[in-house]
Amino acid sequence: LKPFWLKPSTGGTHSAKGASPEQAQRTQMAAIPKRIEKETQKLHQEPPPGVAAEPDKDNYRYFHINMSGPVGTPYEGGIYILELFLPEGYPMEPPKVRFLTKIYHPNIDKLGRICLDVLKDKWSPALQIRTVLLSIQALLSAPEPSDPLDTSVADHFIHNRKEAEALAVQWNSMYAKPNAP
Numbered sequence: 005l006k007p008f009w010l011k012p013s014t015g016g017t018h019s020a021k022g023a024s025p026e027q028a029q030r031t032q033m034a035a036i037p038k039r040i041e042k043e044t045q046k047l048h049q050e051p052p053p054g055v056a057a058e059p060d061k062d063n064y065r066y067f068h069i070n071m072s073g074p075v076g077t078p079y080e081g082g083i084y085i086l087e088l089f090l091p092e093g094y095p096m097e098p099p100k101v102r103f104l105t106k107i108y109h110p111n112i113d114k115l116g117r118i119c120l121d122v123l124k125d126k127w128s129p130a131l132q133i134r135t136v137l138l139s140i141q142a143l144l145s146a147p148e149p150s151d152p153l154d155t156s157v158a159d160h161f162i163h164n165r166k167e168a169e170a171l172a173v174q175w176n177s178m179y180a181k182p183n184a185p
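73 is the number that my numbering gives to position 69 of the sequence shown; each next residue is one higher, with no gaps.
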């Protein structure tokens, strides 16, 4: 799948004539805003429980995320792949995040878009990537069918929670396992 936004080029594959790969990498690293650099380091040093976040080698604003489904939920045991992108306006603008792994959840639609207040109107520059990832995990633990993104899934959760959760477990088994389609 292609990202839902264009990944801007950072110039990582092209370098000035005569520049060594090491010089080109230092130039690229120097262009990384301090805020993003610090958050990336913190994600590596103190990763949120059940989350692995790796910056893309060619674009420091794009992250590959693996998230474990929370224990005690229909998503338990699943490994969910997400993509996270920091727009040029970050941290004044929220990150863009979506699930690449199919998931049966009222607040996540078929395209993987997430209905979460911290990704929209409740975003604050004081929040960080780590906070967003923890908030997504919390949403998996406590779906909010009263504020849905996928109304048919929300209706299922509202009218027959047990059956909806059983279907979520089934999707978890089909799509959120290592080596799943």
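Glycine included, C-beta positions come from ideal geometry on N, C-alpha and C.
_Can you tell me which residues form a DSSP beta bridge with Leu88?_
Translated into positions along the sequence shown, residue 88 becomes position 84. Leu88 is bridged to Phe67 and Val101.
*Between which two residues does the alpha helix (DSSP H) carrying Ala180 extend?*
Counting from one through the sequence shown, the residue named residue 180 turns up at place 176. Per DSSP, Ala180 belongs to no alpha helix (DSSP H) and is neither H nor E.
*Should Leu137 and Ile69 be called a contact, given that it needs their Cβ atoms to be closer than 8 Å?*
Indexing the sequence shown from 1 puts residue 137 at position 133. Indexing the sequence shown from 1 puts residue 69 at position 65. Closer than 8 Å, so yes.
*Measuring alpha carbon to alpha carbon, tell me which of Ser139, Pro110, Pro53 and Asp121 ends up nearest His163.*
As a first step, residue 163 is located in the sequence shown; it is residue number 159 there, counting from the start. It is Pro110 whose Cα lies nearest to the Cα of His163.
*Starting from Glu43 and walking both ways along the alpha helix (DSSP H), at which residues does that stretch end?*
For the purposes of this step, residue 43 is taken as residue 39 along the sequence shown, with counting starting at 1. For Glu43, the enclosing alpha helix (DSSP H) stretches over residues Lys38 to Gln49.
*Residue range of the beta strand (DSSP E) that Val55 falls in?*
Here residue 55 corresponds to residue number 51 of the sequence shown, with the count starting at 1. Taken as a continuous stretch (DSSP letters only), the beta strand (DSSP E) holding Val55 covers Val55 to Pro59.
_Delimiting residues of the alpha helix (DSSP H) encompassing Ser134_ = The count along the sequence shown starts at 1 and reaches residue 134 at position 130. Per the sequence shown, residue 134 should be read as Arg rather than Ser. Segment Ile133 to Ser145, the alpha helix (DSSP H) holding Arg134.
*Leu162: first and last residue of the uninterrupted alpha helix (DSSP H) it sits in*: Locating residue 162 in the sequence shown gives position 158, where the first residue counts as 1. Reading off the sequence, residue 162 comes out as Ile, not Leu. Segment Thr155 to His163, the alpha helix (DSSP H) holding Ile162.
*Using 10 angstroms around the beta-carbon of Arg102, count the other beta-carbons present and answer buried if the total reaches 16, otherwise exposed.*
Counted from its first residue, the sequence shown places residue 102 at position 98. Arg102 comes out buried.
_Contact defined as beta carbons within less than 8 Å: I believe Arg117 pairs with Leu153. What is the distance between those atoms, to the nearest angstrom?_
Stepping through the sequence shown from its first residue, residue 117 is reached at position 113. Stepping through the sequence shown from its first residue, residue 153 is reached at position 149. Indeed, because the Cβ distance is near 6 Å, the residues count as touching under 8 Å.
*Nearest to Leu86 by CA position, among Pro37, Thr77 and Gln141, is which residue?*
Numbered from its first residue, the sequence shown carries residue 86 at position 82. Taking only the C-alpha atoms, the option nearest Leu86 is Gln141.
*Spatially closest choice to Ser38 from Pro95, Ala180 and Gly82, by CA coordinates*: Counted from its first residue, the sequence shown places residue 38 at position 34. Ser is not the amino acid found at residue 38; the sequence shown has Lys there. Answer by Cα proximity: Pro95.
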